[in-house]
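Numbering (the working numbering), first residue to last: 3 to 225.
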């Protein structure tokens with residue numbers, strides 16, 4: 003089992019802890035981030051970060067479910083969702099993740115999605131042990147997620163895969179559609195050097211071609 007990156011990164015966990023503290027007035031006591039499994043299918047998600055750590059099992063259950071998955075995105079559902087977990091928690095068909103979060107005392111979730119190519123997405127979840135009075139409370143939480151996401155995404159991505167500045171630069175030019183020769187002109191180096199950096203990036207991303215490397219870098223949040 004691959005543990006969320008904040009289990010190994012003081013920096014990522016500090017960002018999550020600060021986020022929870024900032025949301026104290028909204029009674030948020032847990033946050034988590036899901037992302038696409040870069041080597042898996044379209045429906046496969048994994049837990050990238052969760053705070054506090056004791057919520058890992060419940061977070062993994064949500065990642066394994068089909069709730070908010072590709073079918074949700076394909077239906078043009080909103081990027082921000084607000085749900086009362088208790089409403090379906092005791093139904094026979096209730097997803098396991100709902101029962102687990104309820105068992106930990108949580109009642110409400112707010113989910114914010116950040117779309118990616120090919121129907122994937124990063125998803126930030128915020129959990130509260132109380133019911134929200136109206137959608138303005140959920141909107142305030144969504145606003146906080148949009149504000150913290152650039153910093154959080156960067157920290158998670160850097161913890162998962164470390165690219166050198168030149169590897170990152172060459173990969174970004176490939177993302178823009180530039181050839182190795184065009185990238186070399188931008189980077190003021192030889193075409194051979196660009197291909198060298200791309201090969202290193204592909205090895206770190208565990209891919210065997212440039213297109214797959216660009217795709218996987220997107221799904222990891224690197225570009």
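A virtual CB, placed ideally from N, CA and C, is assigned to each residue, including glycine.
- Buried is the label assigned to residue 37, since at least 16 other Cβ atoms lie within 10 Å of its Cβ.
- Residue 12 counts as exposed, since fewer than 16 other beta carbons sit within 10 angstroms of its beta carbon.
- In the structure shown, residue 78 falls within a coil segment according to DSSP collapsed to helix, strand and coil.
- In the structure shown, residue 60 adopts helical secondary structure according to DSSP, grouped into three states.
- In the three-state scheme derived from DSSP, where H, G and I count as helix and E and B as strand, residue 152 is classed as helix.
- The C-alpha of residue 5 lies about 8 Å from the C-alpha of residue 49.
- The Cβ neighbour count for residue 172, taken over all protein chains shown within 10 Å, is at least 16; the residue is labelled buried.
- Ranked by Cα distance from residue 143, the first of 188, 177, 73, 82 is 82.
- Among the bridge pairs identified by DSSP, residue 86 is matched with 110.
- One thing to note: residue 25 has its Cβ within 8 Å of the Cβ of residue 128.
- Pairing residue 100 with residue 87 gives a Cβ-Cβ distance under 8 Å.
- If you look at residue 133, you'll find it isn't in any beta strand (DSSP E); DSSP assigns it neither H nor E.
- Taking one beta carbon from each stretch, the segment 183-200 and the segment 131-139 have fewer than 3 pairs nearer than 8 Å; the two do not touch.
- Selection 155, 192, 207, 67 evaluated against residue 7 yields 155 as nearest (Cα-Cα).
- Note on residue 212: 16 or more other CB atoms within 10 angstroms of its CB, so buried under the neighbour-count rule.
- For residue 62, same chain residues with a beta-carbon under 6 Å away, outside a window of 5 residues either side, are 49 in chain order.
- By the neighbour-count criterion, in which a residue is buried when 16 or more other Cβ atoms sit within 10 angstroms of its Cβ, residue 23 is exposed.
- Counting the other Cβ atoms within 10 Å of the Cβ of residue 109 gives 16 or more, which makes it buried.
- For the pair residue 122 and residue 40, the Cα-to-Cα distance works out to about 10 Å.
- The residue among 80, 206, 170, 117 with its C-alpha nearest the C-alpha of residue 151 is 117.
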